[in-house]
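Enquirer:
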Amino acid sequence: MENQQVNPEQLSRFKSMFEHKKCFYPGCESKAIIKAHSIQENRHLNYLADQVKGQNEVYYLDDNIVFDRDANGAISKQRTQRILHHRGIKAASTFGGFCQEHDKIFKPTIEDVEFKGDLEQLFFYTYRCYAYYLHKKYESYVGLKSAVNEARNEIKGTTEIPDFSNLKSHGKIGLELNNILKGLENTLKGVDGLFNVFIEKSETELFGLKLKKDRFDEVVEKKKYSEFRYAIHSFDGVIPVAASSVVHYIDEFHQPSSDNVVYPAEIAITVFPSPEKNQTHIILGGFEDNPNFGLVFHKFNALSNSKREKFVSDLLIHRGSNIFISPRMYNKFSDSNRSELIDQRASSSQYVVGLPEIKLNLFELIYADKSD
Ligand SMILES: [Zn+2]
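The numbering of the sequence shown is numbering that gives the first Met the number 0, which starts it at 0 and goes up by one.
#1: Check whether the Cβ of Y24 lies closer than 7 Å to any heavy atom of ligand 1, and answer yes or no.
#2: Just verifying my parser: in three-state terms, what is the DSSP assignment at I231?
#3: Going by CA-CA distance only, name the one from C22, N45, I82, G26 that's closest to I341.
#4: Just to confirm the assignment, what range does the alpha helix (DSSP H) spanning V270 have?
#5: Alpha carbon to alpha carbon, how far is E40 from E159?
#6: Quick one: grab the DSSP three-state call for A146.
#7: Only counting runs of 3 or more residues, tell me where the beta strand (DSSP E) segments fall wholly within the stretch 201–260, in order along the chain.
#8: Whole angstroms is fine: what's the gap from E356's alpha carbon to I365's?
#9: Measure how close the beta-carbons of S164 and N177 come, nearest whole angstrom, since I'm counting them as under 8 Å.
#10: To which residues of the same chain is V352 closer than 6 Å at the C-beta, ignoring the five residues directly before and after it?
#11: With C-beta atoms as the reference, is G319 less than 8 Å away from V240?
#12: Would a C-beta distance cut-off of 8 Å place I316 and F292 closer than the cut-off?
#13: For a test of the three-state rule: what should DSSP assign to F66, helix, strand or coil?
#14: Let me know if V141 comes out buried or exposed under the rule of 16 or more other beta-carbons within 10 Å of its beta-carbon.
#15: Near L118, which residues of its chain fall below 7 Å by C-beta distance, leaving aside the five closest residues on each side in sequence?
#16: Within 8 Å, do at least three Cβ pairs link the stretch 211–219 to the stretch 119–137?
Next comes the structure, spelled out in structure tokens:
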């Protein structure tokens, strides 16, 4: 979506919600937030869990930014390579989202009821993808800011551009800085301006997320669930995988906006198994007025069942985060499938058109649990 003029006062209020760990629910000022699951623990994660080194756990793929709030906003254990983690289901998929009272909004809508696929349910799955996503994006923003501060300190008293690839706060951003600064032919002139551009860009992005949160707030309050467009794909067979992820995707038929930039479609993807019905469900959700999501939506609906599944699998592997895989499914992957799962994520970039081809398809029935 197009960039909007940043309103500094509104932006700082939005930031303070995260800084002060306030509830995500519209207008709620409660700071008593609980660790919310972005994927239901007792039904879905519990179903996926299996033995990993003697513990009952799930595998998950996530953005590898580990943020430690006690370390003065620095990212404490930044790893630049994405790896497969394993985790107990109590901690898996959680984020500091809602207060005790408002975490309950998911119970009568999606958690304690059967999946019917009505507008309200589709909205709440999409809402939960975004609540998780916005929290992670805020953490990345904090990481970027501390990396830029560290880089600013490094250039103090020097005349040549240092190598930023070992920034303690954020090595990955350091590598990016190195690339950008190459254009300056090793003089420090203009570096500060570039840092400002960096920060400004990410504040604009953050403000865009604030505007999205406003729209979600309105939908939650007024129950205007048709603000979003949804696609559901359910198929027979229980694939022990679950996801609650927001991804970006550009197809070759996407058109540039009025500012001549091709913006990616933003797609909220929810996946969960339904063993009692011997089915697996995939939900795509996106803003009704996001034209590129509309194009993806129509393309998706026109695909054959198997192509829909492969498309969502590709999106998750290349662009997704917050994806959970049962160890009993992962154990069935060949070595080449395993490396595709990890390496492909490492090379993802949201402004690349299309998705590189890979063999692995998460939804192939060879990975399904037996339904007996
Ligand atoms: Zn609340």
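Every residue gets a Cβ at the ideal spot worked out from N, C-alpha and C, and that includes glycine.
Computed from a predicted model, the values in this text were never measured in an experiment.
Expert: The short version:
#1: Here residue 24 refers to the residue found at position 25 when the sequence shown is read from its first residue. Distances between the C-beta of Y24 and the heavy atoms of ligand 1 include at least one below 7 Å.
#2: Here residue 231 refers to the residue found at position 232 of the sequence shown. I231: strand per DSSP, three-state reduction.
#3: Your numbering for residue 341 matches position 342 in the sequence shown. Residue I82 is the option with its Cα nearest to I341.
#4: The residue given as residue 270 occupies position 271 in the sequence shown. No alpha helix (DSSP H) holds V270; the beta strand (DSSP E) holding it covers 264–273.
#5: Your numbering for residue 40 matches position 41 in the sequence shown. Your numbering for residue 159 matches position 160 in the sequence shown. Linking E40 to E159 through their CA atoms gives a straight-line distance of about 52 Å.
#6: As a working note, residue 146 is residue 147 in the sequence shown. Helix.
#7: Secondary structure within the stretch 201–260: the beta strand (DSSP E) runs of 3 or more consecutive residues, fully enclosed, are 227–235, 240–248 (chain order).
#8: Within the sequence shown, residue 356 is the residue found at index 357, counting from 1. Within the sequence shown, residue 365 is the residue found at index 366, counting from 1. C-alpha separation (whole angstroms): 20 Å.
#9: On the sequence shown, position 165 is the one that residue 164 refers to. On the sequence shown, position 178 is the one that residue 177 refers to. The pair is a contact, with the Cβ atoms about 6 Å apart (cut-off 8 Å).
#10: For the purposes of this step, residue 352 is identified with residue 353 of the sequence shown, where counting begins at 1. Excluding positions up to five away in sequence, the list reads I249, E251.
#11: Here the question's residue 319 lines up with position 320 in the sequence shown. Here the question's residue 240 lines up with position 241 in the sequence shown. Not in contact: G319 and V240 (Cβ atoms no closer than 8 Å).
#12: By one-based count along the sequence shown, residue 316 stands at place 317. By one-based count along the sequence shown, residue 292 stands at place 293. Going by C-beta atoms, I316 is not nearer than 8 Å to F292.
#13: Locating residue 66 in the sequence shown gives position 67, where the first residue counts as 1. Annotation note: pLDDT 38 at F66 (below 50); position unreliable, coordinate value reported separately. The answer is coil: DSSP assigns F66 none of H, G, I, E or B.
#14: As a working mapping, residue 141 is identified with position 142 in the sequence shown. In summary, V141 is buried, with 16 or more beta-carbon neighbours lying within 10 Å of its beta-carbon over all protein chains present.
#15: Taking the sequence shown and counting its residues from 1, one reaches residue 118 at position 119. Answer for L118: Y224, S225, listed in chain order.
#16: For the pair of segments examined, the stretch 119–137 was found to touch the stretch 211–219: the number of CB pairs separated by less than 8 Å reaches three.
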